[in-house]
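Numbering-wise, our numbering comes out as the position in the sequence shown, counting from 1, plus 3.
Cβ coordinates follow ideal geometry from the N, Cα and C atoms, glycine included.
These figures come from a predicted structure and were not determined experimentally.
Inspection log for the structure reproduced underneath, given as structure tokens.
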Amino acid sequence: MSSPPVKLIGFFGSPYAFRAQAALCLKGVPYELLLEDLATSCSSSTPVHKKVPVLLHGDRAISESLVITEYIDEAFDGPPLLPTDPYDRAMARFWADFIENKVEGEARERFEKEGLELLSLLEAQLKGKKFFGGDRPGYLDIAASMLGPWRSVVEEVTGVTVAKEDEHPALCQWARDYSSHEALKPCIPDRDKLLAYFTENLERYKTAVNTMLQQQ
4 MSSPPVKLIG
14 FFGSPYAFRA
24 QAALCLKGVP
34 YELLLEDLAT
44 SCSSSTPVHK
54 KVPVLLHGDR
64 AISESLVITE
74 YIDEAFDGPP
84 LLPTDPYDRA
94 MARFWADFIE
104 NKVEGEARER
114 FEKEGLELLS
124 LLEAQLKGKK
134 FFGGDRPGYL
144 DIAASMLGPW
154 RSVVEEVTGV
164 TVAKEDEHPA
174 LCQWARDYSS
184 HEALKPCIPD
194 RDKLLAYFTE
204 NLERYKTAVN
214 TMLQQQ
């Protein structure tokens with residue numbers, strides 16, 4: 004019996020869609036990528052939030068990038084993304100939540116004051132390790148993807164340095180190792196295209212962020 008087809012709905016430039024792609028690549032799962040233009044469309048396949056990414060596995064639709072990552076880890080054979088030890092697994096989820104709600108949330112609003120402290124906490128998690136997951140990328144590395152392939156592009160477009168070699172050497176080295184990992188090469192976006200995309204859409208993102216902050 005053949006496995007149901009796997010499709011991923013995303014849009015170019017999305018670090019959240021990349022999380023799902025990274026999980027599929029690291030698990031060795033063949034998939035079809037369906038790119039949408041969020042300026043003109045919104046996925047009707049998303050069960051709740053009507054946004055991407057959305058993983059379609061047969062007649063199942065799963066949303067939210069980290070939820071998708073965990074589903075991929077459990078639904079398909081291949082190297083595990085989450086640790087097998089319950090405590091280590093809990094800690095991976097804790098730090099993924101930290102990245103989601105602190106580094107990518109609060110740091111947007113108060114980066115100069117708190118962002119560097121938050122990155123220093125992540126720096127400490129890499130002590131003695133090549134990846135957050137150990138010798139190979141795992142769940143927490145996927146959660147931190149924004150600090151990998153996207154970081155230098157965002158820094159160049161915004162003029163804001165996120166991580167510095169002298170202050171966060173392990174995190175900077177991790178970004179290079181993660182972005183060049185063999186299993187992830189099929190889904191790492193072209194940097195020049197990514198730079199052009201963020202440059203073209205910078206004002207739209209600024210407007211969206213300002214609107215979001217005003218509503219809080």
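Near P7, which residues of its chain fall below 7 angstroms by C-beta distance, leaving aside the five closest residues on each side in sequence?
H60, G61
Does DSSP put I145 in a helix, a strand or coil?
helix
Bridge partners for R139 per DSSP, in chain order?
None; R139 has no bridge partner.
Per DSSP, which one or two residues make a beta bridge with G81?
Paired residues: none, contrary to the question.
Rounded to the nearest angstrom, what separates R194 and P89 at their Cα positions?
37 angstroms
May I ask which residues mark the beginning and end of the beta strand (DSSP E) holding K10?
9–13
How would you call L150, buried or exposed, if buried means at least 16 neighbouring beta carbons within 10 angstroms?
buried
Mark P33 as exposed unless 16 or more other C-beta atoms lie within 10 angstroms of its C-beta, in which case mark it buried.
exposed
Should the segment 55–75 be regarded as contacting the segment 23–40, the criterion being three or more beta carbon pairs within less than 8 angstroms?
yes
Those residues which DSSP pairs with R179 across a bridge:
The partner list for R179 (beta bridge, DSSP) is empty, contrary to what the question assumes.
8 angstroms contact criterion, which S148 and F21 should meet: CB distance rounded:
5 angstroms
Taking the beta carbon of P50 as the centre, do at least 16 other beta carbons fall within 10 Å, making it buried, or is it exposed?
Only weak support exists for where P50 lies, its pLDDT of 47 falling under 50; the value from the coordinates is given anyway. P50 is exposed by the Cβ-count criterion.
Buried or exposed by the 16-neighbour rule on C-beta atoms within 10 Å, applied to G162
exposed
So which of T202, I145, A173 has the shortest CA-CA distance to L187?
I145
Where do the ends of the beta strand (DSSP E) carrying E35 lie?
35–38
Please report the distance separating the alpha-carbon of D63 from that of F79.
Residue 63 is actually Arg in this sequence, not Asp. Roughly 14 angstroms between the two C-alpha positions.
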